[in-house]
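First residue of the sequence shown? That's 89 in our numbering, and the numbers climb one at a time after it. Backbone N, C-alpha and C fix where the C-beta goes; we use that ideal spot for every residue, glycine too. A quick write-up on the structure given underneath.
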Amino acid sequence: MKKPDVKIVLLGDVNVGKTSLLHRYMERRFQDTVSTVGGAFYLKQWRSYNISIWDTAGREQFHGLGSMYCRGAAAVILTYDVNHLQSLVELEDRFLGLTDTASTNCLFAIVGNKVDLTEEGAAEDQEKEEGCSREAGSSCASAKVSKQVKLEDAVALYKKILKYKMLEEKDMPAAEKMCFETSAKTGYNVDHLFETLFDMVVPMILQKRAEGPPQTVDISNYKQPKQTKSGCCA
Ligand SMILES: Nc1nc2c(ncn2[C@@H]2O[C@H](COP(=O)(O)OP(=O)(O)OP(=O)(O)O)[C@@H](O)[C@H]2O)c(=O)[nH]1
Ligand SMILES: [Mg+2]
Numbered sequence: 089m090k091k092p093d094v095k096i097v098l099l100g101d102v103n104v105g106k107t108s109l110l111h112r113y114m115e116r117r118f119q120d121t122v123s124t125v126g127g128a129f130y131l132k133q134w135r136s137y138n139i140s141i142w143d144t145a146g147r148e149q150f151h152g153l154g155s156m157y158c159r160g161a162a163a164v165i166l167t168y169d170v171n172h173l174q175s176l177v178e179l180e181d182r183f184l185g186l187t188d189t190a191s192t193n194c195l196f197a198i199v200g201n202k203v204d205l206t207e208e209g210a211a212e213d214q215e216k217e218e219g220c221s222r223e224a225g226s227s228c229a230s231a232k233v234s235k236q237v238k239l240e241d242a243v244a245l246y247k248k249i250l251k252y253k254m255l256e257e258k259d260m261p262a263a264e265k266m267c268f269e270t271s272a273k274t275g276y277n278v279d280h281l282f283e284t285l286f287d288m289v290v291p292m293i294l295q296k297r298a299e300g301p302p303q304t305v306d307i308s309n310y311k312q313p314k315q316t317k318s319g320c321c322a
């Protein structure tokens with residue numbers, strides 16, 4: 089198996105659509121999912137680099153594994169459901185702390201998924217749908233709900249995260265660039281999300297390569313110190 093150059097991790101509450109986003113991107117379709125157990129990863133070749141993308145479980149019982157998956161991550165995708173405000177709140181309360189093990193220059197993306205279920209998302213779909221005129225549109229959109237979480241709320245969380253990490257806003261990508269709204273169901277914005285991050289982590293790979301492998305201690309030539317009769321080291 090190819091060795092990943094860098095790691096990206098998806099975090100977020102149960103049911104927000106982490107697995108569906110990853111399937112949509114990697115397999116180009118929306119399929120039935122089962123709630124993730126533990127974690128799983130895909131390897132994506134991006135230009136000449138190998139990027140591992142980790143899908144994690146949102147379920148409480150697997151929470152302890154989150155910080156292990158985040159270890160050394162170059163980017164974390166904090167995912168919420170635009171129709172459930174609590175899923176955004178959970179990102180700050182429950183998931184942000186897991187990213188303490190990530191790389192010190194880790195990037196954060198905040199992703200509101202399931203926009204297709206909202207009236208705004210529906211309006212975009214209607215324009216594409218044949219036989220669903222503007223007049224008839226109200227009935228097409230009748231099952232849609234108004235979005236519970238606004239993009240501004242995600243932007244505010246992004247800025248809070250930078251503070252929590254003691255990072256200067258001027259040194260990090262702008263919040264507007266790092267907050268996305270997506271639909272794993274329709275594919276809306278999914279490629280843009282992943283590929284924006286891939287392009288952003290490439291310089292981190294290059295920097296890591298320039299620094300060379302981490303310094304290690306060679307213990308192969310280590311000789312046991314001679315013991316004196318009293319048992320103390322000579
Ligand atoms: N309408 C709609 N449904 C979605 C979307 N993304 C995911 N779903 C549905 O939401 C449910 C949960 O999706 P998952 O991808 O399994 O969610 P998850 O975040 O991986 O959940 P855990 O693995 O339990 O943490 C499934 O029924 C999906 O079909 C979306 O963009 N739009
Ligand atoms: Mg899942």
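- Counting only runs of at least 3 residues, the segment 160 to 202 fully encloses the following beta strand (DSSP E) elements, listed from N- to C-terminal order: 163 to 169 and 195 to 201.
- Annotation: the continuous beta strand (DSSP E) that includes Val97 extends over Val94 to Gly100.
- Following the DSSP letters along the chain, one finds Gln133 inside the beta strand (DSSP E) bounded by residues Gly127 to Trp134.
- Glu256 sits in coil when the DSSP states are folded into three classes, being neither helix nor strand.
- In this structure, the beta-carbon distance from Lys273 to Glu257 does not fall below 8 Å.
- By the criterion of at least three beta-carbon pairs nearer than 8 Å, the segment 164 to 176 is not in contact with the segment 118 to 127.
- A buried status is given to Asp101, since no fewer than 16 other beta-carbon atoms sit within 10 Å of its beta-carbon.
- Taking one beta carbon from each stretch, the segment 232 to 248 and the segment 194 to 208 have 3 or more pairs nearer than 8 Å; the two touch.
- DSSP places Ser271 in the coil class of the three-state scheme, outside both helix and strand.
- The continuous stretches of alpha helix (DSSP H) do not include Asp143, which lies in the beta strand (DSSP E) extending over residues Tyr137 to Thr144.
- Judged by the Cβ position, Lys106 qualifies as a neighbour of ligand 2 at the 7 Å threshold, a heavy atom of the ligand being closer than this.
- Boundaries of the alpha helix (DSSP H) around Gln295: Val278 to Glu299.
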